[in-house]
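Numbering (our numbering), first residue to last: -10 to 506. Worksheet: one structure, shown below.
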Amino acid sequence: MPSARVLRRVLPPLLLIVMAALLVLSSLHKPLAYDEFDNLAYGYRFLDRGPGAPMRGQRMPILLLNALGCAAEGCRQDAVNASEAALLKVRLPTMIFALLLGALVHRWGREVLGEAGGLAALWLYVFNPNFLAHGNKVTSDVPAAFFTAASLYFFWKLCRRPHATMFVLCALTTTGALLAKYTSLLLFPVLALLLLLNWLDRPREGARPQTNVVKIATAAASFVLLVVLLVNAAYLFKGSFRPWADYTWESDAFRARHLDDMPVPLPRVFVQGLDYSSYLQEHVEVGRGLNYVLGQLSTRGVWYAFPLMILLKTPLAFFVLLGLAIMARREEPRPDRWTWLVLIVPFVAVVACFSLLATAQLGIRYLLPGLPMLILCGARGAAFGTTPRRRLVVVALLGWYAASTLSYHPHYVAYFNELIGRRVNAYRFLADSNLDWEDHRYFIARFQARHPEMAIVVEPPGPQAGYVLVGANQLVGVYGPERYRWLREHFSPIGHVAYSHLLFHVPPEQLPRTGLH
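What follows is the structure, given as structure tokens:
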């Protein structure tokens, strides 16, 4: 039998290889969909025209890495969708970020929880359905999660033992997060709050408090200046320091500020993207359609949408492990408060921010930057296994966790845990990118070929007798509440394709009851 030391060396890379295989396999037969092509087009524009190229919605420079895979062909949608190899090339950078994040989760877990805890953290990450779902898409969600987690990791180390290298690495990864997603600006208040909590938790011996405050304030200001400098450098200082009055603002929030000739110390395209993000907050209908939660459509969203996503789209075994983590922490002789603050505060901040401030509540992918810290908290449950019986419980939970996720292969976007009952019930709880990425043409065609006797009609324009197949987003009315009201209010699905396209049987004699025959 291999020794424990050999297993500790072999298992981490083996788990990452498993994740890489799952990411590749689950991307097969799925063309560019949702907003993947628009993301790719912006990445190519950034490559072709430089950082001064006009913005395209909220899309970020990190997407140029995906565009490298198709730049020779001009990143045309038909060329990319023409082969699995072409699709893999443009999705590969996201997969690499997903694997890098896995390596980071393992390293951080090992430093905090020991070898067993590090392996548990990596296991929970590798088989997390949400990272498997979005780790192979042409989006910036997973890169943003990687840079956010890396920023917090280096900040954690920096506050434990201040060092110039950690300071620079923290600034670099914070910049990376900002170049991946505008919502990464949340890092600044989170880091400020953590800095305050760290200062309050320190013993007051030695230097005078006033001296410490000045040093910390100076370091914080230097950090912000360095990040701003790096963001400007990434855009080659294109349009930096333009006066406020030179901008034509789209959002009411930016338009209401009368700062006239004050120079804006950020690149023009970056600032315009912030303005457009604010505009989308004010006009949800301009984005991806209506919010949908528990059968209700809205333009403003509800506070419980994102907590519900976590509850339903996380394997149930994880919540048991979280409970064990709390029990294990109580047994610690000296709980490391600083470490747990760095893990808990960012996760709570991300969920609270999107729950209370965001009007577009489109999917759990927006929470990905906070999930690695939650995973590390759950991995603490592995420390509960201090006896043979307890270890058996932990192993069983880890097995259940992975089995629940893998049971949805290769359609991880549609993952919901056992709380929803039958899997065709998922649309009753959530939709949009929580359920339907709209990339299942191949699987729909295969299902139709296997069941020619059904004569399935896919998304008919109006009431239709027979077998009807409708995507979850269309069914619940994300894009238009009335189109399929006749179907969702009078009939129940009898099957599904890829969990996100619902199959209905509408008997001809029952069609008149819809009132729309």
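Positions of the beta carbon are idealized from the N, C-alpha and C atoms, including for glycine.
query	result
Since A403 and L419 are thought to touch, with beta carbons under 8 Å apart, how far apart are those beta carbons, to the nearest angstrom?	Rounded, the Cβ-Cβ distance is 10 Å, inconsistent with contact.
Once DSSP output is grouped into helix, strand and coil, what is the label at P304?	coil
For the stretch 195 to 247, list the alpha helix (DSSP H) runs that are entirely contained and at least 4 residues long, ordered along the chain.	198 to 223, 241 to 244
Terminal residues of the continuous alpha helix (DSSP H) containing F177?	176 to 190
Give the straight-line distance between the Cα atoms of L269 and D249, rounded to the nearest whole angstrom.	24 Å
In angstroms, rounded to a whole number, what distance separates the CA positions of V275 and E62?	31 Å
In its own chain, which residues sit with a C-beta less than 6 Å from the C-beta of A122, not counting the 5 before and 5 after it?	Y401, V402
Since P132 contacts A169 with CB under 8 Å, what's their CB separation in whole angstroms?	4 Å
Is the stretch 51 to 58 touching the stretch 27 to 36, taking contact as three or more C-beta pairs under 8 Å?	yes
What's the call for L17, buried or exposed, on a 16-neighbour Cβ count within 10 Å?	exposed
Does the stretch 334 to 342 touch the stretch 72 to 81, meaning 3 or more C-beta pairs lie closer than 8 Å?	no
Classify N280 as helix, strand or coil using the three-state DSSP reduction.	strand
Quick one: give me the first and last residue of the alpha helix (DSSP H) that F336 is part of.	326 to 345
Excluding the five sequence neighbours on either side, which residues of its own chain have a C-beta within less than 8 Å of the C-beta of T394, listed in chain order?	F116, N117, P118, L121, P304, Y401, Y404
May I ask which residues mark the beginning and end of the alpha helix (DSSP H) holding L161?	153 to 169
Out of A74, G106, V127, state which residue places its alpha-carbon closest to the alpha-carbon of D27.	V127
Can you tell me whether DSSP reads L286 as helix, strand or coil?	strand
With DSSP as the reference, label F144 as helix, strand or coil.	helix
Look at T137 and A166 and say whether their C-beta atoms are less than 7 Å apart.	yes
Between the stretch 348 to 365 and the stretch 282 to 296, do three or more beta carbon pairs fall short of 8 Å?	yes
Please check the pair L492 and G484, which I expect to be a contact at CB under 8 Å, by giving their CB distance rounded to whole angstroms.	4 Å
Spell out a yes or no on whether the stretch 444 to 463 and the stretch 383 to 393 are touching, meaning 3 or more CB-CB pairs, one atom from each, closer than 8 Å.	no
Do the stretch 426 to 439 and the stretch 409 to 418 touch if we need at least three Cβ pairs shorter than 8 Å?	no
Should T163 be labelled buried (16 or more other beta-carbon atoms within 10 Å of its own) or exposed?	buried
Three or more beta-carbon pairs under 8 Å between the stretch 356 to 372 and the stretch 86 to 103, yes or no?	yes
Measure from the alpha carbon of C148 to the alpha carbon of each residue in L77, L108, A68, L330, then state which is nearest.	L330
Which two residues bound the contiguous alpha helix (DSSP H) that contains L386?	377 to 395
If contacts are defined as beta-carbon pairs under 8 Å, then Q47 and S266 qualify, I think. What distance do you get, rounded to the angstrom?	5 Å
In the DSSP assignment, the alpha helix (DSSP H) including G32 goes from what residue to what residue?	25 to 38
So, for L357: in the same chain, excluding its five sequence neighbours on each side, which residues have a beta-carbon less than 6 Å away from its beta-carbon?	D130, A134
Report yes if the CB atom of V94 is closer than 7 Å to the CB atom of P361, and no otherwise.	yes
Terminal residues of the continuous beta strand (DSSP E) containing Y456?	455 to 460
Indicate whether Y397 and V465 have their beta-carbon atoms separated by less than 7 Å.	no
I'd like to confirm the pairing. Which residues does DSSP put opposite G492 in its beta bridges?	According to the sequence provided, residue 492 is Leu. The question's Gly does not apply to it. L492 is bridged to L458, G484.
Where do the ends of the alpha helix (DSSP H) carrying K78 lie?	73 to 115
Is it true that the CB of L5 sits closer than 7 Å to the CB of G107?	no
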